[in-house]
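K.L.:
Below are the structure tokens for one structure; questions will follow.
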Amino acid sequence: MDRSMPGRGVAGGALYARSSRRALLTRAALAAGAAAFPLGRLVGPALPGAAAAARGGSVVVPATASPTAWDLTKADWITWSAVNYLYDRLLDADDKENLKPMLATSWAVSRDGLTYTLKLRHGVVFHDGTPFNAAAVKFNFERHTTNRNSRYYPTFEMIDRIETPDDTTVRVVLKTVNADMLYNFADWGAIQLSPSAVQRLGANFASHPVGTGPFKFQAYVSDSHIEYGRNDQYWRGAPMLDGLRVNIVPDVNVEMDNLQAKTLDVLYYINPKDVDGVKRMGAVVEARTVPGAQFISLNVTQEPTSELAVRKAIARAVDRDAMIKKLLYGYAVKARAGASPGSHYYNADVPMIAYNPGEAARILDEAGWKLGPDGIRQRDGKRLSLAMLSTTFQDWSLYNQVIQEQLRAVGIESKITSLEWGAYLDTWRENRNGWNITYHSQGSVYASTAVLECSWQPNAFWNICQIRKSTDPQMQRLTQQLQSIADQVLATPDVAKRRALANQAQTLYQENQLTVWLWHGESLTGLQPYVKDYDMQWHGRVVGFSRAWLNK
Amino acid sequence: MVDSGVRVARWPGARAGRSSGALLRLRRHLAGNRLALAGAAYLAVVLVAASTASLVAPYAPDKQDLLSRLDPPSSQHWLGTDEAGRDELSRLIYGARVSLFIALGGTAGGVLLGTALGLIGGFFGGSLDHLTMRLVDIMYAFPGILLAILIVAVMGPSLVNLIIALTVFSAPTLARIVRASVLSLKPREFIEAARAIGATQPRVVFRHLVPNTLAPIIVHATLSVAGALLTAAALGFLGVGVQPPTAEWGAMLSAGQEYMRNASFLVTFPGVLIFLTVLSVNLVGDTLRDALDPHLR
Chain A
1 MDRSMPGRGV
11 AGGALYARSS
21 RRALLTRAAL
31 AAGAAAFPLG
41 RLVGPALPGA
51 AAAARGGSVV
61 VPATASPTAW
71 DLTKADWITW
81 SAVNYLYDRL
91 LDADDKENLK
101 PMLATSWAVS
111 RDGLTYTLKL
121 RHGVVFHDGT
131 PFNAAAVKFN
141 FERHTTNRNS
151 RYYPTFEMID
161 RIETPDDTTV
171 RVVLKTVNAD
181 MLYNFADWGA
191 IQLSPSAVQR
201 LGANFASHPV
211 GTGPFKFQAY
221 VSDSHIEYGR
231 NDQYWRGAPM
241 LDGLRVNIVP
251 DVNVEMDNLQ
261 AKTLDVLYYI
271 NPKDVDGVKR
281 MGAVVEARTV
291 PGAQFISLNV
301 TQEPTSELAV
311 RKAIARAVDR
321 DAMIKKLLYG
331 YAVKARAGAS
341 PGSHYYNADV
351 PMIAYNPGEA
361 ARILDEAGWK
371 LGPDGIRQRD
381 GKRLSLAMLS
391 TTFQDWSLYN
401 QVIQEQLRAV
411 GIESKITSLE
421 WGAYLDTWRE
431 NRNGWNITYH
441 SQGSVYASTA
451 VLECSWQPNA
461 FWNICQIRKS
471 TDPQMQRLTQ
481 QLQSIADQVL
491 ATPDVAKRRA
501 LANQAQTLYQ
511 ENQLTVWLWH
521 GESLTGLQPY
531 VKDYDMQWHG
541 RVVGFSRAWL
551 NK
Chain B
1 MVDSGVRVAR
11 WPGARAGRSS
21 GALLRLRRHL
31 AGNRLALAGA
41 AYLAVVLVAA
51 STASLVAPYA
61 PDKQDLLSRL
71 DPPSSQHWLG
81 TDEAGRDELS
91 RLIYGARVSL
101 FIALGGTAGG
111 VLLGTALGLI
121 GGFFGGSLDH
131 LTMRLVDIMY
141 AFPGILLAIL
151 IVAVMGPSLV
161 NLIIALTVFS
171 APTLARIVRA
181 SVLSLKPREF
191 IEAARAIGAT
201 QPRVVFRHLV
211 PNTLAPIIVH
221 ATLSVAGALL
231 TAAALGFLGV
241 GVQPPTAEWG
251 AMLSAGQEYM
261 RNASFLVTFP
271 GVLIFLTVLS
281 VNLVGDTLRD
291 ALDPHLR
């Protein structure tokens, strides 16, 4: 779903990688590379016949909606993909989620894990000419910690105080240990806005947002377009492009037409069925497995999905291989237990549940659910019938219909109720209307912060199985057990220990069949072939253009 | 109950003697209008197919085959398969049943509610007339499709709620037509005569007024079937209609739009069916109006 950023989990192995010898060597190599090849003068690969990078031109990228907040106090992927060009964060992360410098050049954590000291980059200025310094960082943290309505209030609420001993040093002191904190410094909540612009413009900040990013704000017409111009003062060197335009196009078919007509240079979130079509247009398709999981959300508080046998039968009745092959055209990895294969927390010892309708039937038979004359199972005169919640969002309705058919094959009937996206989310999260089952998807910003790549913790806002609302004593014990693991994970910086905790959580989820893991989907992005040296960020969900150029 | 025995001039088509005359006129109009005849023939085919769907559809409408997903028209699947590998022809046939049921049900509901409101307002007059007509004004104040969406959103998406929404959608116009007819009939001699010989109010209404307002009701209802069909399709298209996997033309059109580039037949076939059905209903409705409306003779 990539809805927002639910389920911030745990910091990962990259957390303390900065202190390892390999990381030091890597940073040294990167620094040497940066010195040898000034980024503002970046050229294409030195291959025979390769075109030299050319300055000028502009790229046009799509967004399916207008930004929800220019200061990122609200956040979703659509907003981020439309406004990220304006901003930098304190830290960045590479493809493997190793943290790397951005506006902070180095960082250190105290032994008790409560104090983070960040050294800031010299000479960075905001688009309005004001300097970026420790006071600006303090101001930007306090935008969230003093505003309960900010999306990042929960992310930074454990900050006790922020000290600024000098212009380039920031000391963040926490009330409680949060092992994810460095990743929080690399998250959208850590973007740096110009304090003077925020104070001057107030609620009108959206009329002229000011950051330190590679492109400067020029114009915005709501529901139409955003225009950015090159930031010649950019600390990594001025971008090669003159500018960038975001066209707000709500319909994917229109976006496809625009890509074909070359009036768009990028196409986000390509449906797997359209990949061949996009390639036929001559575009390049980038595929990345994104942190997150797609799954069947089971409601453990509602009969009959409150019954373990029914949940286990559902898990064995769904043919994930067929769905991945025929509906997703192979652009997904089958999920084992909620952590994707590239994650620190993936564990091949947790059993992968195989498609086995015969086994599903046996489990139901043993539980007393016998096949009725119409092919639907019954017990004590009660039909094995599920309330299936659905929505028209993307392909979710199709997935639910396919799951419905596969469940019917083992004698489980289900009635679909399809709701508009907002109503669907409320109904699902708030456990309304007695739903039993629904296809669902959740994304994480970083895999390193999620031992299961969704909101598995019982007290999570978007919890995926309603477990904390269960009145069953056994489920209540399980709730306590899972929440205890979640709390330990957050307070445990050591990756090996986290992995053990992740294993426990994944095993509990699997043994109790609290959800049916389906797959880990890929982000598919199309780009015009003449766009060079772009940067696939956030596991392919956003394209960066700070070093891009056009080979037209 | 006393039969007045009075035989006075009524609106054409109401009296038994004139019914056969109206039918004759209708046949004559149909015979003289090839387009209307073609429309009637098309509607007959759709109605027969819809009512015998389980016999004529080659496959069950919900039967999925992921291996045959988005297959183009072939000898096995004459109109191809949809996004879940279901036979498109079978779904269109079953979808006709649902779409027509919704359209006819909504129109019938609208006729009943609109006629009731119009009769009450027109016959009783005074504060009841004010009340019913202000109610109709309120219903008119909302754009029809918005009102229908609101009703379905509040009551939940289901076939019955969809019909209720269409009922509310189509009732106001009928209410005004019936009220106008009643107001024009009330001072007529045959109504006065019926009252003079002691006919009760229900008898006056149901024996004398209703039969005389039937012709405009029939004409309007026929024409509003087309509107209801389109509204039902629009609601299905917007995802507030029947629930998946039930086949319904508007919902099929909506699901198919995602595949316009891969399988354009998924929007073409339901789109063409909706278009032809609405066109046919309008052609037949026009002919019916020509045959029954005295002002056009």
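Order-wise, the sequence lines are chains A and B.
Numbered according to my numbering, the first sequence spans residues 1 to 552.
Numbered according to my numbering, the second sequence spans residues 1 to 297.
C-beta atoms are modelled at their ideal positions from N, C-alpha and C, and glycine is treated no differently.
#1: Going along chain C in order, which residues have a C-beta closer than 7 Å to the C-beta of residue 392 of chain A?
#2: Rounded to the nearest angstrom, how far is the Cβ of residue 126 of chain A from that of residue 194 of chain A, given a contact under 8 Å?
#3: To the nearest angstrom, how far is it from the Cα of residue 335 of chain A to the Cα of residue 244 of chain A?
#4: Evaluate residue 258 of chain B with the Cβ neighbour count: other Cβ atoms within 10 Å of its Cβ, from every protein chain shown; 16 or more gives buried, anything less gives exposed.
#5: From the DSSP output, in three-state form, read off residue 519 of chain A for me.
#6: Within the continuous alpha helix (DSSP H) that includes residue 261 of chain B, where are the two ends?
#7: With C-beta atoms as the reference, is residue 241 of chain A less than 8 Å away from residue 57 of chain A?
#8: Does residue 322 of chain A get closer than 8 Å to chain B when you measure Cβ to Cβ?
#9: Taking contact to mean 3 or more Cβ pairs, one atom from each stretch, closer than 8 Å, check whether the segment 282-291 of chain B and the segment 262-270 of chain B are in contact.
#10: Label residue 216 of chain B either buried or exposed according to how many other C-beta atoms from any shown protein chain fall within 10 Å of its C-beta, with 16 as the threshold for buried.
#11: For residue 246 of chain A, which option in A:225, A:258, A:238 has the closest C-alpha, if you only look at C-alpha atoms?
#12: Tell me whether residue 535 of chain A sits in a helix, a strand or coil according to DSSP, three-state version.
#13: At 7 Å on the CB atoms, spell out the chain A contacts of residue 69 of chain B, in chain order.
#14: To the nearest angstrom, report how far apart residue 148 of chain A and residue 462 of chain A are at their CA atoms.
#15: With 16 other CB atoms within 10 Å as the buried threshold, where does residue 138 of chain B fall?
#16: To the nearest angstrom, how far is it from the Cα of residue 200 of chain B to the Cα of residue 112 of chain B?
#17: Check the Cβ of residue 243 of chain B against every Cβ in chain A and list those closer than 7 Å, keeping chain order.
#18: Please report whether the beta-carbon of residue 411 of chain A lies at a distance below 8 Å from any beta-carbon of chain B.
#19: Classify residue 546 of chain A as helix, strand or coil using the three-state DSSP reduction.
#20: Output, in sequence order along the chain, the residues in the segment 259-277 of chain A whose CB is closer than 7 Å to any CB in chain B.
#21: Which class does residue 249 of chain B belong to by DSSP, given the choice of helix, strand or coil?
#22: Here's a check: name, in chain order, each residue in its chain whose Cβ is nearer than 7 Å to the Cβ of residue 60 of chain A, leaving out the five neighbours to either side.
#23: Counting C-beta neighbours from all protein chains within 10 Å, is the total for residue 166 of chain A 16 or more, i.e. buried, or is it exposed?
#24: Applying the criterion that 16 or more other CB atoms from any shown protein chain within 10 Å of the CB defines a buried residue, is residue 315 of chain A buried or exposed?
#25: In the segment 374-402 of chain A, which residues sit with their C-beta less than 8 Å from some C-beta in chain B, listed in chain order?
#26: What does the Cβ neighbour count give for residue 191 of chain A, buried or exposed, with the cut at 16 atoms within 10 Å?
#27: Determine the direct distance from the alpha carbon of residue 465 of chain A to that of residue 128 of chain A, and round the result to whole angstroms.
#28: Just checking: is the beta-carbon of residue 405 of chain A within a distance shorter than 8 Å of some beta-carbon in chain B?
#29: Could you work out which residues of chain B lie near residue 281 of chain A, taking near to mean beta carbons separated by less than 9 Å?
#30: Residues bridged to residue 62 of chain A by DSSP?
#31: Given a limit of 8 Å on CB to CB distance, which residues of the segment 120-133 of chain A reach chain B?
#32: Determine, using beta carbons only, whether residue 253 of chain A comes closer than 8 Å to chain B.
#33: Taking the alpha-carbon of residue 359 of chain A as reference, which of A:489, A:519, A:410, A:326 has the nearest alpha-carbon?
#34: Using alpha carbons as the reference points, say which of A:55, A:503, A:81, A:457 lies closest to residue 535 of chain A.
#35: So what's residue 504 of chain A in DSSP terms, helix, strand or just coil?
#36: Interface residues of chain A around residue 83 of chain B at Cβ under 7 Å?
P.N.:
Reading off the structure:
#1: Among the chains of the structure shown, chain C does not appear; the protein chains present are A and B.
#2: Contact holds; Cβ gap of about 4 Å.
#3: Going by the C-alpha atoms only, they are around 37 Å apart.
#4: Here residue 258 of chain B is buried: its Cβ has 16 or more other Cβ atoms, across all protein chains shown, within 10 Å.
#5: The three-state secondary structure of residue 519 of chain A, taken from DSSP, is strand.
#6: Per DSSP, residue 261 of chain B is not a residue of any alpha helix (DSSP H), being assigned neither H nor E.
#7: Taking 8 Å as the cut-off, the beta carbon of residue 241 of chain A is found closer than this to the beta carbon of residue 57 of chain A.
#8: Among the CB atoms of chain B, one or more fall inside 8 Å of the CB of residue 322 of chain A.
#9: Segments in contact, no.
#10: Flag for residue 216 of chain B reads buried.
#11: Of A:225, A:258, A:238, the residue nearest in Cα terms is A:225.
#12: In the structure shown, residue 535 of chain A adopts extended strand secondary structure according to DSSP, grouped into three states.
#13: Listed along chain A, the residues sitting closer than 7 Å to residue 69 of chain B by beta-carbon distance are 326.
#14: It is roughly 18 Å from the alpha-carbon of residue 148 of chain A to the alpha-carbon of residue 462 of chain A.
#15: When all chains shown are included, residue 138 of chain B counts as exposed.
#16: Straight-line Cα distance between these residues: approximately 22 Å.
#17: Near residue 243 of chain B (Cβ distances below 7 Å), the residues of chain A are 416, 417, 418.
#18: Chain B places no beta carbon closer than 8 Å to that of residue 411 of chain A, leaving this residue out of the contacts.
#19: DSSP, reduced to helix, strand and coil, places residue 546 of chain A outside both helices and strands of the structure shown, so it counts as coil.
#20: Contacts with chain B (Cβ-Cβ distance below 7 Å) from the segment 259-277 of chain A involve 273, 274, 277, listed in chain order.
#21: Helix, per DSSP.
#22: Here the set comprises 245, 247, 263, 264, 265.
#23: Residue environment for residue 166 of chain A: exposed (fewer than 16 other C-beta atoms within 10 angstroms of its C-beta).
#24: That one is buried.
#25: Along the segment 374-402 of chain A, the positions whose C-beta sits under 8 Å from a C-beta of chain B are 390, 392, 395, 397, 398, 400, 401, 402, read in chain order.
#26: Here residue 191 of chain A is buried: its Cβ has 16 or more other Cβ atoms, across all protein chains shown, within 10 Å.
#27: For residue 128 of chain A and residue 465 of chain A, the distance between alpha carbons rounds to 48 Å.
#28: At least one chain B Cβ lies under 8 Å of residue 405 of chain A.
#29: Listed along the chain, the chain B residues whose CB falls inside 9 Å of the CB of residue 281 of chain A amount to none; the nearest CB is some 11 Å away.
#30: DSSP lists A:247 as the bridge partner or partners of residue 62 of chain A.
#31: For the segment 120-133 of chain A, the beta-carbon criterion of a distance under 8 Å to any beta-carbon of chain B is satisfied by none of its residues.
#32: Closer than 8 Å: yes.
#33: With distances taken between Cα atoms, residue 359 of chain A lies closest to A:410.
#34: Restricting attention to A:55, A:503, A:81, A:457, the CA atom closest to the CA of residue 535 of chain A is found in A:81.
#35: DSSP places residue 504 of chain A in helix when its eight states are reduced to three.
#36: Those are 398, listed as they occur along chain A.
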